[in-house]
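What follows is a single structure, written as C-alpha cells, with notes after it.
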Amino acid sequence: MIKKSLCVLAVVGLFSCEQQGNNPETEEAKTEQVAIESGLETKVSDKEASWLNPQYLTADFNGDGHSDTAFAVIINNKKGIRIKHGNTNDEFIIGAGNNFGNGGDDFYWVKNWNLVIDSITYEVTFMEEGDIEGSRDVKLDNPAFYIGTEEESGATVAWKEGKYVWIHQAD
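Numbering of the sequence shown is given in UniProt numbering, commencing with residue 1 and proceeding in unit increments.
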C-alpha cells in the first residue's frame with residue numbers, strides 16, 4: 001500500500017512539474033507580477049526578443065567614451081528597441097509602445113538593423129503635403145544604427161542634442 005501511494009505521488013509530482021515547465025506564459029506572468037509588485041518596472045512583459053538578428057548592437061551611441069547597447073525588445077506585444085547607456089545605465093525605449101519618428105509605437109515592420117559608423121548620412125526630406133522633396137546631409141558625431149524593412153525603407157537612429165532622433169532614409 002505504501003509503495004502504491006508513493007508511486008501515485010511520484011506520478012502526480014512529475015505531471016505537475018511537466019505542466020509548469022511547458023507553460024512559458026505562466027512563468028512570464030509570474031515574472032511580470034514579481035516585477036510589478038517590487039516596483040522594478042512600470043511596463044509589463046518587457047523581454048529581450050529574437051525578432052531581429054542580431055538581437056543587440058553595441059557601440060558608443062551617445063559619444064561619452066563608453067559602450068552602449070541597443071536590444072530588440074517586446075513590451076506589451078509591441079516590438080521596439082531598448083538602448084542602455086553603458087556609463088550611466090540610462091535607458092531609452094523607441095517603439096515598443098513609445099512613438100518614435102515616423103516609425104510609430106510598434107516596430108513590427110522592422111526586418112533588419114545594423115550599425116552605422118559613417119560620419120555623414122542622408123536624410124530624405126518631404127514637402128508639406130508629404131511628397132518627397134529631396135535629401136540633405138546629416139552629420140553623425142557618434143555611431144548610430146539603421147532600422148528598416150526588406151525593401152530598404154527606414155531610418156537611422158542617432159543621438160543628437162541629448163536625445164535619440166529619427167533620420168528618415170528612404171520610402
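C-beta atoms are modelled at their ideal positions from N, C-alpha and C, and glycine is treated no differently. Please read all numbers here as calculations on a predicted model, not as lab measurements.
- The shortest C-alpha to C-alpha distance from PRO143 to any of ASP68, SER50, LEU52 is the one to ASP68.
- Residue environment analysis places GLN169 among the buried positions, since at least 16 neighbouring C-beta atoms fall within 10 angstroms of its C-beta.
- In the DSSP assignment, GLN169 falls within the unbroken beta strand (DSSP E) covering 163 to 170.
- Below 8 Å, too few C-beta pairs join the segment 122 to 138 and the segment 96 to 104 to call them touching: fewer than three.
- Counting the other Cβ atoms within 10 Å of the Cβ of TYR164 gives 16 or more, which makes it buried.
- Within a 10 Å sphere around the beta-carbon of TYR146 sit 16 or more other beta-carbons, which makes this residue buried.
- Rounded to the nearest angstrom, the gap between the Cα atoms of ASP105 and GLY80 is 8 Å.
- Its Cα nearest to that of SER153, the residue TRP166 stands out among GLY63, TRP166, ASN76.
- DSSP assignment within the segment 45 to 87 yields the following whole beta strand (DSSP E) runs of 3 residues or more, N-terminal first: 46 to 48, 56 to 59, 68 to 75, 78 to 84.
- The distance from the Cβ of LEU140 to that of VAL116 is about 7 Å, consistent with a contact at the 8 Å cut-off.
- In this structure ASN87 is in contact with HIS66, their Cβ atoms being roughly 4 Å apart against a cut-off of 8 Å.
- Residue environment for TRP51: exposed (fewer than 16 other C-beta atoms within 10 angstroms of its C-beta).
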